[in-house]
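Colleague:
Residue numbers (UniProt numbering): 1 to 902.
This is the structure we're talking about:
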């Protein structure tokens with residue numbers, strides 16, 4: 001309608017078909033039209049094509065055609081040749097090079113019919129009956145397209161052709177801007193559009209909307225939030241005014257500054273405190289600024305011998321906070337003074353200070369603090385002090401009694417002075433009685449010295465001794481009971497225990513060589529069989545699991561535990577390292593197992609059962625339980641901290657860095673721990689290098705007591721269905737096949753551990769799967785000796801892997817043999833690459849050496865010729881102590897047996 005000149009669209013045929021004609025519309029405005037009216041002639045095929053139309057990114061275009069059509073009934077004599085429709089076509093093209101119409105290249109859109117037609121009378125009345133039809137076309141493959149109109153015998157005039165496409169217009173929704181977006185190619189398609197946050201805003205959730213085919217935005221998702229210091233107004237983010245703030249983007253809007261604070265600029269994220277007021281790091285920005293408290297009031301003290309009770313009233317001014325706490329400093333303070341309930345972080349206004357010295361002047365200072373006391377500019381904590389002098393007090397108990405010169409009827413006692421004499425010791429009182437009498441009949445002796453000779457005793461009798469000290473203030477408490485037995489009078493061979501321990505070493509030389517520390521992993525190299533060893537009690541026999549945990553494990557106050565870092569994940573939750581500071585004891589490093597939230601009753605019982613088991617053991621090669629936390633969540637098991645972690649990972653990390661003696665020392669420690677467990681009738685069931693922990697002195701300790709009940713609870717379980725609970729590579733054949741777990745099956749596992757240690761953490765049976773391992777064992781296959789493995793050690797492994805469990809050595813025999821190997825390191829020099837030892841079925845292994853015969857046996861009665869002291873020290877890398885020992889009179893291995901603790 002708007003073209004002032006000729007359109008010059010292509011027409012075919014060029015003559016007698018469509019013609020471009022100017023006419024007047026109903027308002028007498030000239031317009032250009034294309035007309036055709038060949039209704040008298042049959043088989044009309046008149047084409048009219050537009051110019052090339054660029055697509056401009058559109059995927060679906062709409063064609064609006066306005067036209068007039070002559071009613072065939074108003075034309076006489078045209079029956080059969082006149083039509084009242086025309087056809088609409090399109091053709092896509094990348095360029096405007098089409099100079100003529102190729103009918104076969106066009107695709108039909110639709111046949112267009114008129115809603116209203118006109119007659120000649122209508123035209124004469126100047127009433128144009130315009131028809132408006134809209135059709136849509138998908139155009140997606142070329143840069144542009146042509147439209148074409150085909151006349152097949154109608155009397156028609158095209159008045160207007162409008163081509164357009166639809167977009168979803170630029171909009172802002174949820175503080176995200178969505179650009180003008182062209183609709184999709186299909187009428188049902190939705191175009192996903194990602195919005196961009198408006199200025200001074202950030203994404204809360206990725207902003208998205210969908211552009212519908214009709215140009216409407218649909219389904220808004222996500223959006224943005226105004227940055228701290230800004231709030232939403234009219235679809236934009238505006239800065240907070242002075243005196244207001246917004247701390248977080250999730251806050252609903254700007255808020256007025258809280259009391260005692262202000263903001264002087266627009267866009268504040270926090271309000272600054274007024275002079276003299278402060279905000280702690282943990283205080284939210286919405287909290288009013290506060291002040292430190294004033295000093296505590298009305299401090300009073302009550303002295304009771306060597307204890308002082310301090311009480312005070314809260315500060316007059318708390319500073320507008322509710323987190324006031326108190327701490328105590330002491331002038332004249334000693335390291336073993338006890339504060340109850342504590343010395344710092346107190347919420348109570350009463351403290352008992354004990355274990356002070358008698359007749360001593362002390363000054364106590366009570367500080368009041370709150371959350372802003374440490375703030376910059378807050379000044380020192382306010383405090384109040386009081387001075388007291390302690391009274392006379394009785395001495396503390398004697399802590400250690402030693403018996404010497406024991407005969408049939410007498411012995412000599414000696415002891416150390418009490419840690420706190422609290423004055424001049426005037427005398428000591430010794431009370432003793434036969435153990436069987438249980439204090440029904442006792443004797444008293446008094447002495448001015450720290451020793452006494454006790455005579456008139458019965459032979460072969462156990463006596464119980466108590467000692468207490470007396471000052472001018474009176475007698476202190478008796479010591480804990482110490483038991484000593486008189487001799488029988490019959491000459492017997494003395495069984496001497498050779499003890500090497502860091503805690504007993506008094507030689508003034510550098511620390512022991514690592515090989516010495518690792519070889520000694522328990523107090524005695526040869527542990528005698530002790531009668532009356534306590535027997536392990538299964539915690540699952542208790543109806544109430546809490547009864548077992550309280551009987552065998554110590555409850556620890558969670559405030560004594562400081563967790564430092566996560567070191568791993570256990571079956572029940574995280575495993576952390578940290579420190580334990582029990583009241584009155586030095587701080588120690590510990591490992592902390594926690595029970596994750598959402599646990600079931602069974603998980604709680606299984607978790608605590610491990611502590612109930614560990615709590616029954618007391619051996620230097622068994623992981624030590626420090627205690628448990630059961631009165632608050634999370635539940636915790638606290639054990640000693642083993643710096644070097646699991647044995648398998650430790651060996652892999654230090655591959656080839658240890659001597660054979662050191663490796664045997666590690667094995668000796670594990671065997672000692674397992675002998676202790678077997679003596680208690682405890683079966684471990686999961687002995688493996690991964691369950692052995694190593695401390696900084698290379699002492700190995702057995703751990704992980706969580707598998708002791710799994711199979712017993714579920715007798716139908718088999719390795720095929722519960723493979724994660726049965727470590728196939730470490731488990732004896734009878735335990736896999738019949739679930740027969742005994743100490744003998746633990747011995748089989750110990751042989752695998754020996755192989756792991758000597759191979760520095762190699763995986764047993766390498767990449768064989770579990771089924772292949774089971775089959776190979778059944779067919780008689782056994783692991784070969786690792787590289788450089790001494791023959792005697794591999795033979796001991798093979799003994800542990802005997803098919804008949806009755807033929808396997810006991811842990812006592814294993815321990816005995818390892819002790820002999822440690823004392824005779826020369827037996828460890830022959831490895832599998834050399835001549836093998838002759839194996840005797842009785843368990844004795846003989847090696848023919850040069851000039852002498854060396855005997856190494858698991859049979860206790862076998863005699864082992866010993867080296868000289870010099871040779872023995874040299875073989876374990878401690879020859880530098882030879883002269884020191886010789887100067888003290890120790891010139892042979894036998895003489896070392898006479899070493900005392902002192």
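We treat Cβ as the ideally placed atom computed from N, Cα and C, and that holds for glycine.
Kindly provide the ranges of any alpha helix (DSSP H) runs that are 4 or more residues long and lie completely inside the segment 6-83, ordered along the chain.
Modeller: none
Colleague: Keeping to the same chain, check which residues put their C-beta closer than 7 Å to that of residue 507; ignore five residues upstream and five downstream.
Modeller: Only weak support exists for where residue 507 lies, its pLDDT of 31 falling under 50; the value from the coordinates is given anyway. Hits under 7 Å: 881, 884.
Colleague: If contact is defined by three or more beta carbon pairs under 8 Å, each pair taking one atom from either stretch, is the segment 167-180 in contact with the segment 65-78?
Modeller: no
Colleague: Note down, in chain order, each residue of its chain lying with its Cβ closer than 8 Å to the Cβ of residue 369, except the 5 sequence neighbours on either side.
Modeller: 292, 293, 324, 325, 326, 327, 381
Colleague: Could you have a look at residue 257 and say whether DSSP puts it in helix, strand or coil?
Modeller: coil
Colleague: Can you give me the start and stop residues for the beta strand (DSSP E) that residue 149 sits inside?
Modeller: 144-151
Colleague: What's the C-alpha gap between residue 28 and residue 84?
Modeller: 26 Å
Colleague: Given this structure, state the Cα-to-Cα distance separating residue 571 from residue 755, to the nearest angstrom.
Modeller: Spanning the alpha carbons of residue 571 and residue 755 requires a straight line of approximately 26 Å.
Colleague: Indicate whether residue 15 and residue 6 have their beta-carbon atoms separated by less than 7 Å.
Modeller: Contact: no.
Colleague: Count the other CB atoms, across all protein chains shown, that sit within 10 Å of the CB of residue 8; report buried if there are 16 or more and exposed otherwise.
Modeller: exposed
Colleague: Using a threshold of 7 Å, state whether the C-beta atoms of residue 230 and residue 270 are closer than that.
Modeller: With contacts defined by Cβ atoms closer than 7 Å, residue 230 and residue 270 do not form a contacting pair.
Colleague: Considering only residues of the same chain and omitting the five flanking positions on each side of residue 676, which have a CB-CB separation below 6 Å?
Modeller: Here the set comprises 619.
Colleague: By how many angstroms is the C-alpha of residue 234 removed from the C-alpha of residue 172?
Modeller: 10 Å
Colleague: If you draw a straight line from the alpha carbon of residue 398 to that of residue 405, how long is it in whole angstroms?
Modeller: 21 Å
Colleague: Just verifying my parser: in three-state terms, what is the DSSP assignment at residue 203?
Modeller: Of the three classes helix, strand and coil, the one that applies to residue 203 here is strand, per DSSP.
Colleague: Flag this pair as touching only if the segment 743-757 and the segment 783-801 have three or more C-beta atom pairs under 8 Å; answer yes or no.
Modeller: yes
Colleague: Per DSSP, what kind of secondary structure is residue 794 in: helix, strand or coil?
Modeller: Annotated three-state conformation of residue 794 is helix, per DSSP.
Colleague: With distance defined between alpha-carbon atoms, name the residue in 378, 303, 736 nearest to residue 360.
Modeller: Looking at the Cα atoms, 303 is the closest of the given residues.
Colleague: By a C-beta neighbour count over all protein chains shown, 10 Å radius and 16 as the cutoff for buried, is residue 647 buried or exposed?
Modeller: buried
Colleague: Could you pull out every unbroken alpha helix (DSSP H) segment of at least 4 residues lying fully inside the segment 628-670, listed in chain order?
Modeller: 647-653
Colleague: Can you list, in chain order, the residues of its chain whose CB lies under 7 Å from that of residue 578, leaving out five sequence neighbours each side?
Modeller: 561, 562, 563, 564, 590, 592
Colleague: To the nearest angstrom, report how far apart residue 813 and residue 457 are at their CA atoms.
Modeller: Rounded to the nearest angstrom, the two C-alpha atoms are 39 Å apart.
Colleague: Around the C-beta of residue 112, are 16 or more other C-beta atoms found within 10 angstroms, so that it is buried, or is it exposed?
Modeller: buried
Colleague: Beta-carbon within less than 7 Å of residue 727's beta-carbon, same chain only, minus the 5 sequence neighbours each way: which residues are those?
Modeller: 686, 688
Colleague: Can you check DSSP and say which residues form a bridge with residue 569?
Modeller: According to DSSP, which records beta bridges pairwise, residue 569 is partnered with 574.
Colleague: Residue 765 lies in the beta strand (DSSP E); which residues open and close that run?
Modeller: No beta strand (DSSP E) holds residue 765; DSSP gives it neither H nor E.
Colleague: What residues are listed by DSSP as bridge partners for residue 88?
Modeller: 110, 149
Colleague: From what residue to what residue does the alpha helix (DSSP H) around residue 298 run?
Modeller: No alpha helix (DSSP H) holds residue 298; the beta strand (DSSP E) holding it covers 297-304.
Colleague: Could you please give the first and the last residue of the uninterrupted beta strand (DSSP E) stretch that includes residue 401?
Modeller: 401-404
Colleague: From the DSSP output, read off the bridge partner residues of residue 365.
Modeller: Per DSSP, 329, 385.
Colleague: So residue 621 packs on residue 701, CB below 8 Å; how close in whole Å?
Modeller: 5 Å
Colleague: Can the beta-carbon of residue 239 be found less than 7 Å from the beta-carbon of residue 266?
Modeller: yes
Colleague: Hey, could you find the ends of the alpha helix (DSSP H) residue 588 is sitting in?
Modeller: Counted as a single uninterrupted DSSP element, the stretch harbouring residue 588 is not any alpha helix (DSSP H) but the beta strand (DSSP E) occupying residues 588-594.
Colleague: From residue 318 to residue 299, what distance separates their C-alpha atoms?
Modeller: Looking at the two C-alpha atoms, the distance is approximately 17 Å.
Colleague: Nearest to residue 98 by alpha carbon, out of 576, 59, 49, 232?
Modeller: Measuring C-alpha to C-alpha distances from residue 98 to each of 576, 59, 49, 232 identifies 49 as the nearest.
Colleague: Would a C-beta distance cut-off of 7 Å place residue 575 and residue 632 closer than the cut-off?
Modeller: Contact annotation: residue 575 and residue 632 have beta-carbon atoms that are not nearer than 7 Å.
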